[in-house]
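Beneath this line is the structure, given in structure tokens, with notes to follow.
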Amino acid sequence: MLALIGCFLGTIMGALPGLGPSNGVAILIPLAFTLGLPATPAMILLVSVYFGAMYGGRISSILLNIPGDEPAMMTCLDGYPMAQQGRAGEALALSGVASFVGAFLAIWGLAFLAPQLVKVALLFGPAEYFALYAMAFATLGGIASTNQAKAAFAAMLGLAIAMVGVDGQTGVPRFTFGEVHLYDGIDFLVAIVGLFALSEVFIFLEHRGEDPSTQKASQVGIGRITPSLSMLKSCTPTMLRGSGLGFIAGVLPGAGASLGSFIAYSLEKRLVDRKGTFGKGDPRGVAAPEAGNNAAAGGALVPMLALGVPGSGTTAVLLAMLLALNITPGPLLFQNNPDVVWGLIAALFIGNFMLLAMNIPMVGMFVRVLLIPPRILMPIVAMISFVGIYGISGSSFDLLVMVVFGVLGWGLRKLDVPLVPIILGVLLGNQMEANLRRAMTISDGDWSILVASPLAIALWAIAVIGFVVPIVVGGVMRRKMRGAGTD
Amino acid sequence: MLVKPDAAPSWLAASRLEIALATAVMVAYALLLPELGFIATALAATYLTWRLSTAPLWAIVTGVLTSVGIFIVFRLILGLSLARGILGF
Numbered sequence: 195m196l197a198l199i200g201c202f203l204g205t206i207m208g209a210l211p212g213l214g215p216s217n218g219v220a221i222l223i224p225l226a227f228t229l230g231l232p233a234t235p236a237m238i239l240l241v242s243v244y245f246g247a248m249y250g251g252r253i254s255s256i257l258l259n260i261p262g263d264e265p266a267m268m269t270c271l272d273g274y275p276m277a278q279q280g281r282a283g284e285a286l287a288l289s290g291v292a293s294f295v296g297a298f299l300a301i302w303g304l305a306f307l308a309p310q311l312v313k314v315a316l317l318f319g320p321a322e323y324f325a326l327y328a329m330a331f332a333t334l335g336g337i338a339s340t341n342q343a344k345a346a347f348a349a350m351l352g353l354a355i356a357m358v359g360v361d362g363q364t365g366v367p368r369f370t371f372g373e374v375h376l377y378d379g380i381d382f383l384v385a386i387v388g389l390f391a392l393s394e395v396f397i398f399l400e401h402r403g404e405d406p407s408t409q410k411a412s413q414v415g416i417g418r419i420t421p422s423l424s425m426l427k428s429c430t431p432t433m434l435r436g437s438g439l440g441f442i443a444g445v446l447p448g449a450g451a452s453l454g455s456f457i458a459y460s461l462e463k464r465l466v467d468r469k470g471t472f473g474k475g476d477p478r479g480v481a482a483p484e485a486g487n488n489a490a491a492g493g494a495l496v497p498m499l500a501l502g503v504p505g506s507g508t509t510a511v512l513l514a515m516l517l518a519l520n521i522t523p524g525p526l527l528f529q530n531n532p533d534v535v536w537g538l539i540a541a542l543f544i545g546n547f548m549l550l551a552m553n554i555p556m557v558g559m560f561v562r563v564l565l566i567p568p569r570i571l572m573p574i575v576a577m578i579s580f581v582g583i584y585g586i587s588g589s590s591f592d593l594l595v596m597v598v599f600g601v602l603g604w605g606l607r608k609l610d611v612p613l614v615p616i617i618l619g620v621l622l623g624n625q626m627e628a629n630l631r632r633a634m635t636i637s638d639g640d641w642s643i644l645v646a647s648p649l650a651i652a653l654w655a656i657a658v659i660g661f662v663v664p665i666v667v668g669g670v671m672r673r674k675m676r677g678a679g680t681d
Numbered sequence: 790m791l792v793k794p795d796a797a798p799s800w801l802a803a804s805r806l807e808i809a810l811a812t813a814v815m816v817a818y819a820l821l822l823p824e825l826g827f828i829a830t831a832l833a834a835t836y837l838t839w840r841l842s843t844a845p846l847w848a849i850v851t852g853v854l855t856s857v858g859i860f861i862v863f864r865l866i867l868g869l870s871l872a873r874g875i876l877g878f
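Chains A and B, in that order, give the protein sequences. Start counting at 1 in the first sequence, then tack on 194, and there's your number in our numbering. Start counting at 1 in the second sequence, then tack on 789, and there's your number in our numbering.
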């Protein structure tokens, strides 16, 4: 039931341009809390929203040529031309099926790969954990952003925010400016909702003159809604390849769904585009990125559940939710709360079927949702954020902190500073510090313990590669992506 | 954000004022929520809707409806006792 609601809300969130999966999940966190849900149902709700949003992103890509969220960008390339040819319904149905295939395979991957990863993770000591966190920052900042310096700055900012409050080991208040409210530190939920949801409202306020052309949706004919069997058949290998690539991209910390859909599309273009039909409404060009981005969404859950290190922005928000519910993801989660993990995976399976069932016949309804103008939607988003956070904490002070984060998020977005490393810093900062200190205590203050074991050295190496290689290769990749986007 | 590299951001004076005002309204809202409850919600929602270029009258209607909607969801359906203002709702 919750999965059903989650899938439904998620698809809507994904479909609306501007509300992506991270925003959608962030907005619903207060809601899940105020419902007073126990851990498993709360996670099921949010994960359904996450998957629903990944499905929903394609709708506005195909109909309006405006990606509903970032990973759906590649779907525009062939989806919109299909819609222009009056085959929007086919494109929507096909992409629904492709999303299903991608997500379905990724959940199997998750169920098999995560326990294996846990076995490795059980060997980790404090030094290895410290290296792992450093790796997460390096790869997420390195791969996912356009500017490494800005990503590093964002990560440092996040770590600094995590420091606020009374130091757990010595009892010294840090960065509190004598303000009693800050002694407990800054609640990361407040930070996340401010950074994601409120900053979105500010962005819309700023651009209020230029309403995106939502009216177009009603004019594009949808056409037949069921894809023909022959089309599905011709797309099957495409979907399978896209899913595999997407899953791998998702598991790597930082690569995420955008990269998943991008490499799925480019590979497919190189492999099967012999007549130059890609970019002109080739069904395979719709199936590949959709399978890729949904598989990546599932893949990103692997490191989040098994290691406690999120593989993407949205999983970072999900991690926040788990931490807020007093559940620490990581190897111990599989031992102490197997019900949460397997309940979650089971819910993903069910949710995925629901999404497929929901997305084929009800596409017309979701299209109508696109017509809600942001000028009505955005205040609702803002109000839910306020009332929700107030419902959790019951203090005006937290609301003020949230407003500050909203303005901060708006400013940083204008400066193109990625927000995800900040969230990661706020989330992992305390753990990272605790592990560093533990390592120092074990080694009696000898810093060389951080590179003492082969595992730690391997993690540091990945961290360095993940941060440095994109500086070299990233420029080329991005130019290609831009080229593809403007074709 | 992945696609667009460092294009110089535009800091228009008008939009800066817009953000400043919206921030002020949100701060005021944060402080008033415990006192005024859902009246404050309605006021803040009205302001935001109005600034997002809706006609004033419609903004009031939307603001009130938003507030009522949230009241119903959070209070009546979820049964939360939050933000009970001086007027009892």
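All C-beta atoms, glycine included, are put in the ideal place defined by N, C-alpha and C. Being a predicted model, the structure only gives us computed values, none of them experimental.
query = To which residues does DSSP link Arg-368(A) through a beta bridge?
reply = Arg-368(A) is bridged to Gly-359(A).
Can you name the start and end residues of the alpha helix (DSSP H) that Trp-292(A) belongs to?
Here the sequence assigns Ala to residue 292(A), which means Trp is not the residue at that position. In the DSSP annotation of this structure, the continuous segment of the alpha helix (DSSP H) that includes Ala-292(A) starts and ends at 282 to 315.
Query raised in the report: If you draw a straight line from the C-alpha of Ala-650(A) to the C-alpha of Pro-320(A), how long is it?
Result: Within the model, the alpha-carbon separation for Ala-650(A) versus Pro-320(A) is close to 10 Å.
Checklist entry - Roughly how far, in whole angstroms, is the beta-carbon of Ala-491(A) from the beta-carbon of Tyr-244(A), given that I think they are within contact range, below 8 Å? => result At roughly 7 Å, the Cβ-Cβ gap stays under 8 Å, so Ala-491(A) and Tyr-244(A) are in contact.
Checklist entry - Which parts of the stretch 502 to 536 of chain A are runs of the alpha helix (DSSP H), unbroken and 4 residues or longer, counting only runs that do not cross its ends? => result Complete alpha helix (DSSP H) runs here, min 4: 507 to 518 and 525 to 530.
Cβ-based contacts, 8 Å cut-off: residues of the stretch 300 to 314 of chain A near chain B
Listed in sequence order: no entries.
*What is the rounded straight-line gap between the Cα of Ile-859(B) and the Cα of Gly-582(A)?*
Rounded to whole angstroms, Ile-859(B) to Gly-582(A) spans 10 Å at the Cα level.
### Query
Could you give the residue range of the alpha helix (DSSP H) that holds Trp-625(A)?
Note that residue 625(A) is Gln in the sequence shown, not Trp. 614 to 637 is the extent of the alpha helix (DSSP H) around Gln-625(A).
- prompt: Are the C-beta atoms of Ile-859(B) and some chain A residue less than 8 Å apart?
  reply: Closer than 8 Å to some Cβ of chain A, the Cβ of Ile-859(B) qualifies, so yes.
Where does Ile-380(A) fall in DSSP's three states?
-> Ile-380(A) falls in the coil class under three-state DSSP.
> What does Val-358(A) reach in chain B if we use C-beta pairs closer than 7 Å?
Replying inline: Correct list: empty, because the minimum Cβ distance to chain B is about 19 Å.
Legend entry - The alpha helix (DSSP H) enclosing Phe-591(A), as first and last residue numbers: Counting along the chain, Phe-591(A) sits inside the alpha helix (DSSP H) bounded by residues 590 to 608.
At a CB-CB cut-off below 9 Å, which residues of chain C make contact with Ala-834(B)? Here chain C cannot be found, since the structure's protein chains are A and B.
- request: Could you check the C-alpha separation between Ala-813(B) and Phe-599(A) for me, to the nearest Å?
  value: Taking the straight line from one Cα to the other gives about 14 Å.
Inset, instruction - Establish whether the CB of Val-850(B) and some CB of chain A are separated by less than 8 Å. - result: When Cβ-Cβ separations below 8 Å define contact, Val-850(B) makes no contact with chain A.
**Report entry** Among Ile-397(A), Ser-455(A), Val-534(A) and Ala-481(A), the one whose alpha carbon lies nearest that of Lys-608(A)
**Finding:** Residue Ile-397(A) is the option with its Cα nearest to Lys-608(A).
### Alpha-carbon to alpha-carbon, Ile-636(A) and Gly-246(A)
If you take the alpha carbons of Gly-246(A) and Ile-636(A), they lie about 45 Å apart.
query = Excluding the five sequence neighbours on either side, which residues of its own chain have a C-beta within less than 7 Å of the C-beta of Ala-356(A), listed in chain order?
reply = In its chain, beyond the 5 residues on either side, Gly-619, Val-620, Gly-623 and Asn-624 have a beta carbon closer than 7 Å to the beta carbon of Ala-356(A).
- Query: Mapping DSSP to helix, strand and coil, what is Gln-342(A)?
  - Reply: The answer is helix: DSSP assigns Gln-342(A) an H, G or I state.
Find the nearest neighbour of Leu-517(A) within the set Val-645(A), Leu-499(A), Pro-532(A) and Ala-297(A), judged by alpha-carbon distance.
It is Leu-499(A) whose Cα lies nearest to the Cα of Leu-517(A).
message = Below 8 Å on the Cβ atoms is my contact criterion, and I expect Met-596(A) with Ala-833(B) to pass it. Report the Cβ-Cβ distance as a whole number of Å.
response = Taking 8 Å as the upper bound for CB-CB distance, Met-596(A) and Ala-833(B) are not in contact here, some 13 Å apart.
Just to confirm before moving on: does the CB-CB distance between Ala-282(A) and Leu-257(A) stay below 8 Å? Yes. Within cutoff.
Q: Report yes if the C-beta distance between Gly-436(A) and Ala-494(A) is below 8 Å; otherwise report no.
A: No, Cβ-Cβ distance for Gly-436(A) and Ala-494(A) is not below 8 Å.
Discussion item. In the DSSP assignment, the alpha helix (DSSP H) including Ser-393(A) goes from what residue to what residue?
Written reply: It spans 393 to 400 - the alpha helix (DSSP H) in which Ser-393(A) sits, taken as one unbroken run.
*Compare the C-alpha of Leu-317(A) against each of Gly-660(A), Ser-647(A) and Ile-656(A) and name the closest.*
Closest option to Leu-317(A), Cα to Cα, is Ser-647(A).
* Of the residues Phe-382(A), Trp-302(A) and Pro-615(A), the one placed nearest Asp-592(A), counting alpha carbons only -> The residue with the shortest Cα to Cα distance from Asp-592(A) is Phe-382(A).
Closer than 8 Å to chain A by CB, Ile-808(B)
For Ile-808(B), the answer is yes, since a Cβ of chain A falls inside 8 Å of its Cβ.
Nearest by alpha-carbon distance to Thr-205(A): which of Thr-234(A), Leu-222(A), Ile-253(A) and Pro-235(A) is it? Of the candidates Thr-234(A), Leu-222(A), Ile-253(A) and Pro-235(A), the one whose C-alpha sits nearest the C-alpha of Thr-205(A) is Ile-253(A).
Residue range of the unbroken alpha helix (DSSP H) whose run includes Pro-477(A): Residues 477 to 493.
Item to check | Candidates Val-503(A), Trp-654(A), Met-237(A) and Thr-509(A), of which the one nearest Leu-311(A) by Cα | outcome: From the listed residues Val-503(A), Trp-654(A), Met-237(A) and Thr-509(A), the smallest Cα separation to Leu-311(A) is found for Val-503(A).
inquiry  = On the CB-based measure, 16 or more other CB atoms within 10 Å of its CB, does Pro-845(B) come out buried or exposed?
reply    = Label assigned to Pro-845(B): exposed.
Contact check, Ala-481(A) vs Met-433(A) under 8 Å by CB: the rounded distance? Between Met-433(A) and Ala-481(A) the Cβ distance is about 5 Å, and since that is below 8 Å, they are a contact.
For a contact defined as C-beta to C-beta under 7 Å, what are the partners of Ala-844(B) on chain A? Neighbours of Ala-844(B) on chain A: none; closest Cβ ~10 Å, over 7 Å.
TODO: Identify each residue in the stretch 481 to 500 of chain A for which the Cβ-Cβ distance to at least one residue of chain B is less than 9 Å, and report them in chain order.
DONE: From the stretch 481 to 500 of chain A, no residue has a Cβ closer than 9 Å to chain B.
Discussion item. If we define contact as Cβ-Cβ less than 8 Å, is Val-905(B) a contact residue for chain A?
Written reply: Past the boundaries of the shown model lies residue 905(B); chain B is included only from 790 to 878, so the question cannot be answered.
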